[in-house]
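Numbering (the numbering used here), first residue to last: 8 to 334.
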């Protein structure tokens with residue numbers, strides 16, 4: 008059973024640019040000293056790996072790491088780096104690993120460069136490249152619907168990309184794609200908060216609260232729900248109208264069930280096997296079944312609904328599932 012360490016989860020889930028830069032700087036320092044002592048190349052490689060670990064959104068960290076792998080003549084290691092980059096980009100990393108056993112070390116830097124040119128990791132660079140072409144935006148939306156973005160790094164990467172759509176005024180696209188991203192990885196508190204902000208701006212306060220509630224549930228250090236409640240009190244105070252109240256349990260359950268449906272394939276929605284349909288025991292059995300199948304996102308939304316309804320033991324299951332999603 009996986010227990011969740013919130014502090015570790017937060018540090019690994021969201022990029023820390025300063026640490027990434029620091030480790031890359033150290034890697035470059037050891038790289039320059041490699042001719043004086045060959046062991047410096049190993050130190051460079053260790054620091055370069057740390058730079059990618061702490062900030063996977065910086066192209067330079069990946070370039071430094073692959074350069075070192077090439078200098079070490081480590082073909083398998085270089086392919087592993089490319090496979091990892093493909094996972095972050097939501098692509099099939101298995102395609103890269105099919106090259107295993109072939110001596111293509113001299114091409115690995117070019118392969119990485121081609122991937123980064125086509126698909127920049129920095130959200131602003133990606134948007135500057137994409138916004139000029141309406142066809143590219145449509146292709147991006149189509150592609151996102153079919154991508155596997157369960158890797159938490161890919162999920163964060165794409166949530167930042169669709170945020171650029173929202174800023175550009177493509178709010179309906181943002182809403183649709185946000186739900187897809189969160190269905191893949193419901194512990195992305197950054198995406199929940201951005202979605203809540205849009206609903207709040209539209210004065211759809213119930214939907215906003217539901218999103219902020221999710222953000223704060225999956226990340227206790229996120230205070231967006233509490234801050235929203237304070238804004239609501241200020242908004243309605245002194246206006247002589249009924250104060251806003253958070254959505255009732257029924258509305259919250261419907262919201263979570265809709266998100267859970269997004270995690271299923273179409274024929275599953277109509278043919279889900281239930282033990283004692285509608286019973287609490289059946290729901291808990293379904294959660295266990297989903298966990299065994301590796302369908303953690305669907306299990307999470309079902310467990311959250313049960314927790315919302317106050318069923319005993321469900322909050323503990325939610326926390327366990329968050330730990331499994333963070334793993």
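All C-beta atoms, glycine included, are put in the ideal place defined by N, C-alpha and C.
Within 10 angstroms of its Cβ, does residue 223 collect 16 or more other Cβ (buried), or is it exposed? Reading the chain shown from its first residue, position 216 is the one you call residue 223. The residue is buried, with at least 16 neighbouring Cβ atoms inside 10 Å.
Check residue 55 in the structure and name its three-state DSSP category. Along the chain shown, one-based indexing puts residue 55 at 48. Residue state, collapsed to three classes: helix.
Whose C-beta lies closer than 7 Å to the C-beta of residue 220 among residues of the same chain, with five residues either side of it excluded? For the purposes of this step, residue 220 is taken as residue 213 along the chain shown, with counting starting at 1. Hits under 7 Å: 232.
So residue 54 and residue 33 are supposed to be a Cβ contact under 8 Å. How far apart are they, rounded? Counting from one through the chain shown, the residue named residue 54 turns up at place 47. Counting from one through the chain shown, the residue named residue 33 turns up at place 26. Sure, about 4 Å apart at Cβ, within 8 Å.
For residue 200, which of 179, 225, 180 and 303 has the nearest alpha-carbon? To locate residue 200, count along the chain shown from 1; it is residue 193. The shortest C-alpha separation from residue 200 is found at 225.
Between residue 196 and residue 50, what straight-line distance do the alpha-carbon atoms span, to the nearest angstrom? Residue 196 sits at position 189 when you count from the first residue of the chain shown. Residue 50 sits at position 43 when you count from the first residue of the chain shown. The straight-line gap from Cα to Cα measures roughly 35 Å.
Assuming residue 161 contacts residue 72 under a Cβ cut-off of 8 Å, what Cβ separation, rounded to an integer in Å, is found between them? For this step, residue 161 is matched to residue 154 along the chain shown. For this step, residue 72 is matched to residue 65 along the chain shown. With 8 Å as the limit, residue 161 and residue 72 do not qualify as a contact, their Cβ atoms being about 18 Å apart.
So is residue 110 buried or exposed if we call it buried at 16+ other beta carbons inside 10 Å? Sequence index remark: in the chain shown, residue 110 carries index 103 (1-based). So residue 110 ends up on the exposed side.
What residues in its chain sit with their C-beta under 7 Å from that of residue 290, if we drop five residues either side in the sequence? The sequence position of residue 290 within the chain shown is 283, counting from 1. Here the set comprises 309 and 313.
Contacts around residue 37, its chain only, beta-carbon distance under 6 Å, and the 5 residues preceding and following it disregarded: In the chain shown, counting from the first residue as 1, residue 37 sits at position 30. Same-chain partners within the cutoff: 47, 50 and 51.
Measure from the alpha carbon of residue 118 to the alpha carbon of each residue in 202, 189 and 100, then state which is nearest. Within the chain shown, numbered from 1, the residue matching residue 118 stands at position 111. Checked all of 202, 189 and 100; the closest Cα to residue 118 is 100.
Relative to the ligand MN, is the shortest distance from any of its heavy atoms to the C-beta of residue 329 smaller than 7 Å? In the structure shown, the ligand MN is absent, as is every other ligand, since no ligand is present at all.
Could you work out which residue in 102, 183, 240 and 178 is closest to residue 205 when comparing CA atoms only? Here residue 205 refers to the residue found at position 198 when the chain shown is read from its first residue. Residue 178 is the option with its Cα nearest to residue 205.
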